[in-house]
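Each residue of the sequence shown is one higher than the one before, starting from 126 at the first, in this note's numbering.
By construction, the Cβ of each residue, glycine as well, lies at the ideal position given by its N, Cα and C atoms.
No experiment lies behind these values; they were computed from the predicted model shown.
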Amino acid sequence: MPTNLDAWRTLTRHAEGLREVDVRDLLAEDPERFIHFSLSMGPVFLDYSKHPVTRETMGHLFQLAREAGVVERMGAMFSGERINTTEGRSVLHVALRDFSGRSVYVDGEDVMPDVRAVYERMRDFCHRVRSGEWTGHTGQRVTDVINIGIGGSDLGPRMVTRALEHLDPEGPRAHFVANVDPLDLESTLRRLDPERTLFIVSSKSFTTQETMTNARAARQWLVGHLGDDSAVARHFVAVSTNTERVREFGIDPENMFRFWDWVGGRFSLWSAIGLSIALAVGPDRFEELLCGAHLMDEHFRTAPLEKNLPVIMGLLGIWQLNFRGAETQAILPYSQALEWLPAYLQQAEMESNGKGVTLEGEVAGCHTGPVVWGAAGTNGQHAFFQLLHQGTRQVPCDFIGFALSSGIGPEQHTMLLANFFAQTEALLQGRSREEAKRELLEQGSDEAEAERLAPHKVQPGNRPSSTILLRELSPYCLGALIALYEHKIFIQGSVWKINSFDQWGVELGKKLAKRVLPDLEGDRTEGAHDPSTLGLIEVWRSMCEGL
Ligand code: F6P
């Protein structure tokens, strides 16, 4: 249990002493604070000087990481040990972006030749589709690609494609269908020409109910329009670890791109699951993305803990959650192109670290993964920032921004950045009652009015944020950013001693959905559900009656 570690106990005592600490005072007292509590690596700069930490705090946190054995666990991951013990699997998404020429072994077998072979097939396929050499059943060029997948088989490719597609406006348009709600597929297909549409069915297991249902509906749409079953061969490809199921579905394994059980679903965008990215923005940019991630992997693997970006971010999160009681974490990319990043990180963090027992099966004894949420700035400022500034909770925020513009409007980008910096400053500085009153008087309020309104305008300040500033929203920088968060998640899971790589918690709901389905299709299985659920099914029946 992590709470039994000496450093955990020390941190508990240390946190008590810092309960009332004011970061504004820390900044005023130490002119070196910004330099000391910031770090850059390649194109990534992290400032964490606005967190309520001292040099002593960081020392205790690094000690915690050492006592928890994170260094050994990092070594075990990179060397292919089966650290996902509940599923008996290695965790090697890092191998997918390893261009060093090193061998990576799983059970004594070098997996790298296989990784490169699939990667070369992806490249070749992308060139053929993008050049028009690969055509649909009627000889038309592919203009639209639909990725059908859910969870990790959707969010990663969707987030990256949306982030980078502006770099190649001539590439095929990428669409993403995840929800089994028929409207998701229907509204996507409505505007598309079946002769020019390519489907990628992305599923690690190739058994996921939503994905298989949507894939069957998509096949029906295609065959219905083209009037020929054999059209499937030119319009459907699969990405999976399960060749048998792909064949059963009717996709020729020749049109399948493999990956491996040592790639977790939420870490799979680097594998063939990223095919939609490579098709939309080109395989060279996909490779740049992998290279950016590899840069972060090497930094993570080799830098000392004290100079290690993912380690620092992971430990700050633990400090905020376990020692300061901040239960949520906001992700605030100041980039419209990164609007899917909060949802992507929500799965990455919450599916990885939302666990209540340790690797040994004991109760964890402390909170694990925070609730992760967020939205792109500046939009969020006009929605939920009110609570961040004046609400009763402390919400640690990650502000993510880019020095250079991705768009054509330099003036807008400067304004975006002004907001980006100003929000972290406002959270820190706040506004006192005296300041609020003075402002009101300056704006023409009389004394009584200013006195009455001032408390409503007070912003307590001293609210924590990290700022991650990257050079530009290039594939390379994005790859480094995503890998930074992946490794942060790894660090936290290692300190909490949980398995960040399974997801048993999603199983029960899936099983029960299979039991509810026959009830909705007509076979009443009275007693198979609790009275509340039975009641709801009855209400649903009565609502449908007479339709
Ligand atoms: O339901 C959770 C989950 O298993 C995720 O971990 C995974 O990313 C998603 O479902 C999709 O799984 P698959 O790629 O096997 O369809």
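Per-residue burial, residue i [other beta carbons within 10 Å of its own, 16 or more giving buried]
| i | result |
| --- | --- |
| residue 187 | buried |
| residue 377 | exposed |
| residue 543 | exposed |
| residue 434 | buried |
| residue 422 | buried |
| residue 334 | exposed |
| residue 456 | buried |
| residue 304 | exposed |
| residue 476 | buried |
| residue 160 | exposed |
| residue 215 | buried |
| residue 256 | exposed |
| residue 591 | buried |
| residue 319 | buried |
| residue 340 | buried |
| residue 447 | buried |
| residue 526 | buried |
| residue 129 | exposed |
| residue 363 | buried |
| residue 247 | buried |
Secondary structure of residue i, DSSP reduced to three states
| i | result |
| --- | --- |
| residue 482 | strand |
| residue 524 | strand |
| residue 624 | coil |
| residue 554 | helix |
| residue 126 | coil |
| residue 297 | coil |
| residue 229 | coil |
| residue 395 | coil |
| residue 495 | coil |
| residue 215 | coil |
| residue 595 | strand |
| residue 458 | strand |
| residue 363 | strand |
| residue 584 | strand |
| residue 160 | helix |
| residue 315 | coil |
| residue 203 | helix |
| residue 518 | coil |
| residue 172 | strand |
| residue 376 | coil |
| residue 325 | strand |
| residue 134 | helix |
| residue 544 | helix |
| residue 339 | helix |
| residue 304 | coil |
| residue 510 | helix |
| residue 355 | helix |
Residue i and residue j closer than 8 Å at C-beta
| i | j | result |
| --- | --- | --- |
| residue 618 | residue 625 | yes |
| residue 301 | residue 279 | yes |
| residue 481 | residue 391 | no |
| residue 436 | residue 470 | no |
| residue 221 | residue 196 | no |
| residue 231 | residue 382 | no |
| residue 262 | residue 323 | no |
| residue 147 | residue 192 | no |
| residue 553 | residue 175 | yes |
| residue 267 | residue 401 | no |
| residue 225 | residue 235 | no |
| residue 327 | residue 398 | yes |
| residue 487 | residue 126 | yes |
| residue 410 | residue 292 | yes |
| residue 351 | residue 281 | no |
| residue 679 | residue 462 | For the chain, the structure presents residues 126 to 672; residue 679 sits outside this window and is missing. |
| residue 355 | residue 329 | no |
| residue 299 | residue 404 | yes |
| residue 169 | residue 606 | yes |
| residue 623 | residue 483 | yes |
| residue 506 | residue 548 | yes |
| residue 459 | residue 524 | yes |
| residue 343 | residue 317 | no |
| residue 604 | residue 418 | yes |
C-beta neighbour in chain D for residue i, strict 8 Å
| i | result |
| --- | --- |
| residue 282 | The chain labelled as chain D is not found in the depicted structure, where only one protein chain is given. |
The ligand MG heavy atom lying under 7 Å from the CB of residue i
| i | result |
| --- | --- |
| residue 391 | Among the ligands present in this structure, namely the ligand F6P, the ligand MG is not found. |
**Item:** alpha helix (DSSP H) runs contained entirely in the segment 232-273, provided each spans 4 or more residues
**Value:** 237-256
**Asked** Going along the chain, which unbroken runs of the alpha helix (DSSP H) with 4 or more residues stay wholly within the segment 416-466?
**Response** 434-443
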